[in-house]
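Read in full-length UniProt numbering, the sequence shown has 525 at position 525, and its numbers run on one by one without any break. Cβ atoms here follow ideal geometry from the backbone N, Cα and C, with glycine treated the same way. All of these numbers come straight from a predicted model, not from anything done at the bench.
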Amino acid sequence: MDYIEDWVDRAMSCFYRDRDKDDPGKAHVHDDVIFAPPAPLDPAKVDKDFECLVKELGLSEEKQQEMHDYSMEKKMSLLVSQHCLQTEDASHFIGFLKNLQQSFVIDSNTIRQLQDLVISLRTQNFSYLESFLSASGLKLLTELLNQCHQQYTLEQPALFFLYALRALLNSPNGRAAVLHDEQHVLVSIARAVDFRDFKCKIVAIEILSGLCFIPDEGHIQVLRAITEVSAVLGERTRFQTLVADLHRNYSTDRDTDRVRTAIFGLINALLRTGAAENCAVYRQHLRSELLMLGMSTTLEQCRGTASQRLEDHIDLFEMMRKEDEISLAGSCTSSDISSSSESSSPIDFESVVGMAESLHLKLKHSLALPHFHSLLQHLFMVPSDDQHVPLWRLFDLILQHLTLQTTVNGMTDVNSPIQNHVDMSEILARLQNHCDYERIAKELEKAKEEMDLERTRILELENRLADFSDGRAGSRISLASTSASSSPSDPCPSPPLLPPICPPAPPPPPPPINGLLGNGGPPKDALKNVPEPVGNMKTLNWHRLTSEKTKGTVWDGIDDEKIYKQLDLTELNGSFAASSSHKDEDTDTLYGTINRRPQQANITVIDPRRYQNCTIMLSKLKLSHKEIKQAMMSMDEKCKLPKDMIEQMLKFMPTKEELSQINESVQKHGSPTVLALADRYMYEISSIPRFEQRLRCLHIIRSFHDRVETLVPFIQVVLKATSSIQQNKRFRQILTIILAVGNYLNYGKRNGNAYGFEIASINKLSDVKNALRNDRNLLHFLVQFIEKKEMKNKFSECAKYFCYSPSGGAPIPEEFFSVINKFLITFNEYHHQLWAEVEEEEKIKRQTIARSFLAKKSTTRRKENHKERDFEQLISALQSGDIFKEELSRLRTSFRPKKGIKS
Numbered sequence: 001m002d003y004i005e006d007w008v009d010r011a012m013s014c015f016y017r018d019r020d021k022d023d024p025g026k027a028h029v030h031d032d033v034i035f036a037p038p039a040p041l042d043p044a045k046v047d048k049d050f051e052c053l054v055k056e057l058g059l060s061e062e063k064q065q066e067m068h069d070y071s072m073e074k075k076m077s078l079l080v081s082q083h084c085l086q087t088e089d090a091s092h093f094i095g096f097l098k099n100l101q102q103s104f105v106i107d108s109n110t111i112r113q114l115q116d117l118v119i120s121l122r123t124q125n126f127s128y129l130e131s132f133l134s135a136s137g138l139k140l141l142t143e144l145l146n147q148c149h150q151q152y153t154l155e156q157p158a159l160f161f162l163y164a165l166r167a168l169l170n171s172p173n174g175r176a177a178v179l180h181d182e183q184h185v186l187v188s189i190a191r192a193v194d195f196r197d198f199k200c201k202i203v204a205i206e207i208l209s210g211l212c213f214i215p216d217e218g219h220i221q222v223l224r225a226i227t228e229v230s231a232v233l234g235e236r237t238r239f240q241t242l243v244a245d246l247h248r249n250y251s252t253d254r255d256t257d258r259v260r261t262a263i264f265g266l267i268n269a270l271l272r273t274g275a276a277e278n279c280a281v282y283r284q285h286l287r288s289e290l291l292m293l294g295m296s297t298t299l300e301q302c303r304g305t306a307s308q309r310l311e312d313h314i315d316l317f318e319m320m321r322k323e324d325e326i327s328l329a330g331s332c333t334s335s336d337i338s339s340s341s342e343s344s345s346p347i348d349f350e351s352v353v354g355m356a357e358s359l360h361l362k363l364k365h366s367l368a369l370p371h372f373h374s375l376l377q378h379l380f381m382v383p384s385d386d387q388h389v390p391l392w393r394l395f396d397l398i399l400q401h402l403t404l405q406t407t408v409n410g411m412t413d414v415n416s417p418i419q420n421h422v423d424m425s426e427i428l429a430r431l432q433n434h435c436d437y438e439r440i441a442k443e444l445e446k447a448k449e450e451m452d453l454e455r456t457r458i459l460e461l462e463n464r465l466a467d468f469s470d471g472r473a474g475s476r477i478s479l480a481s482t483s484a485s486s487s488p489s490d491p492c493p494s495p496p497l498l499p500p501i502c503p504p505a506p507p508p509p510p511p512p513i514n515g516l517l518g519n520g521g522p523p524k525d526a527l528k529n530v531p532e533p534v535g536n537m538k539t540l541n542w543h544r545l546t547s548e549k550t551k552g553t554v555w556d557g558i559d560d561e562k563i564y565k566q567l568d569l570t571e572l573n574g575s576f577a578a579s580s581s582h583k584d585e586d587t588d589t590l591y592g593t594i595n596r597r598p599q600q601a602n603i604t605v606i607d608p609r610r611y612q613n614c615t616i617m618l619s620k621l622k623l624s625h626k627e628i629k630q631a632m633m634s635m636d637e638k639c640k641l642p643k644d645m646i647e648q649m650l651k652f653m654p655t656k657e658e659l660s661q662i663n664e665s666v667q668k669h670g671s672p673t674v675l676a677l678a679d680r681y682m683y684e685i686s687s688i689p690r691f692e693q694r695l696r697c698l699h700i701i702r703s704f705h706d707r708v709e710t711l712v713p714f715i716q717v718v719l720k721a722t723s724s725i726q727q728n729k730r731f732r733q734i735l736t737i738i739l740a741v742g743n744y745l746n747y748g749k750r751n752g753n754a755y756g757f758e759i760a761s762i763n764k765l766s767d768v769k770n771a772l773r774n775d776r777n778l779l780h781f782l783v784q785f786i787e788k789k790e791m792k793n794k795f796s797e798c799a800k801y802f803c804y805s806p807s808g809g810a811p812i813p814e815e816f817f818s819v820i821n822k823f824l825i826t827f828n829e830y831h832h833q834l835w836a837e838v839e840e841e842e843k844i845k846r847q848t849i850a851r852s853f854l855a856k857k858s859t860t861r862r863k864e865n866h867k868e869r870d871f872e873q874l875i876s877a878l879q880s881g882d883i884f885k886e887e888l889s890r891l892r893t894s895f896r897p898k899k900g901i902k903s
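Printed below as a string of structure tokens:
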């Protein structure tokens, strides 16, 4: 029993132990520290430690004075609380960043470590930030951010690097390190504007906007970073990416509005800080760059769906622009006292004529007018074509550079378009060289055309010389009474000093076809009794048929001579008479086509139109008969025959009849030189072995890839359609229904008991007529069955699956889907309502922070107060627009901004 009681006492002592009475020395350390401070307190030591704490927090002077007024007990409590906080070592995150730099692997652990880094940089004291900066933490963040720029897949870690840099800017030392960084961290931040993720864009733009308010160097460093990153982003001019993002729409209207608000905040910050804060000329210079990129058209587009914050930023931009234009117009006309009445109207800075007239009024009574006149005269001499646009661009850059240097106390833009020392002789020499280059290029083009004409003439002369040499050889052979004939493409004979070389005899020509030319042929067709026209008539190009070819055809037995008695020959003569310059080519139809063109002493036996087209083809080919033969014998190794020319050559393959007539003409005259160009071409290619097969092989080789590219889309369509129809479950279900109905109809018949049917049989469903209605068939029945019965079964299964069983009976589709539709509509309404409440709370929170922060500041101490601002509060004031609240209120009292109609 004693043992049990002792065990119970020990167990209960765990819950009811009086630690103060049992062992006073084991009192809880935390309770002693918090609630039992050591006594007595040393006020001097407390004040000294508290002073170190205030400096460690890095507060403003007003906040420091307020904390110095705390009581001794509160100071001691703050010191003890700060001492009890768990301090972290920056070396842990430095090592993590170094390891990440060596092996950039992104996983859940890496993301968690980056989140912890951002939280530490935002919450730890200034000594922690100092140790982080001294250990090259800023350099590591910059290098890692640069690695993220190489791949768009690293946008998530890039966002945390930007947040870390933003947290560093909360301390004065961090801002100084960023502004004077040799690794160009600001360029990396400005480059983050090109990320596709809108969150990275917003954070980068907000950092640049906040840095603009850092006095002395913030504005100029941000502008320099935007200028330097322009070449990296491939921009034609700076601010191009920012203006392009104003035109871009993101996944939601809220994201689009946030990006546009951040961009307008940066633009207004550039126009209201630094050198632009007190200089309208400098503001106009920056604003003109933005307007030239099309920002004026963006303003109305942004107003369509803009929130109140974005509206305030747009109003500030437009009203500052209007105020600067009025200020510049007043300064331009104030020096001209006599023209005060003429310059009372405001200057339209968007009108070239208005600015020119105002400038003339300004300089009318000054010594600068002759120089202005000379400037206009020389500008008038510069051409306005596309080739001289760079020269106009050079004038623009020179004027910008000189204007800022002379009118704004030596101020210059970081975007240095030209060097301080411009060598005009070098520029003019380059322009002169460019003009000489264009002149030489035109002369070269003209020389090429003349060379092509000369090359054509040379080819014609070579063909004529070859014909002449062939004719001389033929005459020698005929005098020597030899049966051997010279080669059609044999080159010119050797000089008489060298022994002649006898080429091998070509194969004998094919025997002549009976009935064509020469003695022994059939008698000519009897001349028809056709009335002779009064003058020359136009030619009807048809394919003539002889009397032998018309036997047994539709033309057999037709007597066209009777028609002439019914025709009005006078009207026919007047309607189809040839012009005076027209010369009929077929006037000598009695002797056929062999004796055409007697003035050229050339013979052609092929169809006139075919002859004309073949001649055109040869003129485009620009090759002699010898070169064509060489190309065909070598299968065109040097690619002298173009693909389109090969297609044309296939159209002009000589027929057997044409070859027979050509060979007879050559035998009759003893030389191929009497043939016309097209006939000579056909005669030459007839001696090439398997010419047609060679030509078709060449055509296939040249057109193979084109045919493959043409057929590939059709092949893909067939493959896709085949795969789709094989995997189509609905079509398979329809075939199943058709098979079932067909077996039912064919029950007990020869076609019954089928396990399938040929796919072509589905088009015979409409042949089975309905016995009750003549206008219906089996296909109507199947469609009605599928639409009603199948749909009803599917809906019943769906209703059963979702446990829908109305009390009134069978489920109705309208009632079932209306329930789901009503729920989705209500769900979306509540979703938008919650988003609106969250956004309104964030807006109120930002306004409260900004107003409480700005309430203690005065207008006269603006620059001094910028140094003391917390960077996060500064960005909050930028987002809400409260940092420009005083300026916006002042401008709204003088101007009324345009309000767009929201859609």
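Residues near residue i by beta carbon distance below 7 Å, same chain, minus five either side
i	result
H235	For the record, residue 235 in the displayed sequence is Glu; it is not His. For E235, where only same-chain residues beyond five positions count, the Cβ hits under 7 Å are T241.
I202	R258, V259, A262
S327	A280
residue 907	A question about residue 907 goes unanswered here, because the residues of the chain that appear run from 1 up to 903.
Q284	D324, L328
Collapsed DSSP secondary structure at residue i in the structure displayed
i	result
L641	coil
K769	strand
I603	strand
N828	helix
M451	helix
L293	coil
N774	coil
L682	Reading off the sequence, residue 682 comes out as Met, not Leu. Correct three-state label for M682: helix.
Proximity of residue i and residue j at Cβ, strictly below 7 Å
i	j	result
V178	V185	yes
N268	L316	yes
I205	L266	yes
L675	Y683	yes
M632	R694	yes
D644	L698	no
M319	L891	yes
I685	F691	yes
Residue i burial status per 10 Å Cβ neighbour count (16 or more: buried)
i	result
Y681	buried
T123	exposed
F731	exposed
H625	buried
D706	exposed
Closer than 7 Å to chain C by CB, residue i
i	result
I685	The chain inventory of the structure shown lacks chain C, comprising one protein chain alone.
6 Å Cβ shell around residue i - same chain, five flanking residues per side excluded
i	result
M617	Q648
V229	V187, A190, R191
I883	A877
A306	none
E886	none
G218	L211, C212
Between the CA atoms of residue j and residue i - distance to the nearest angstrom
i	j	result
S769	H831	Note that residue 769 is Lys in the sequence shown, not Ser. Taking the straight line from one Cα to the other gives about 57 Å.
Q183	T142	7 Å
L650	R696	7 Å
L271	L133	31 Å
S209	L162	14 Å
L888	E815	56 Å
Q221	L402	22 Å
Beta-carbon proximity list for residue i, same chain, < 8 Å, skipping 5 on both sides
i	result
D31	For D31, the predicted model reports a pLDDT of 42, less than 50, meaning its position is unreliable and no value from the coordinates is stated.
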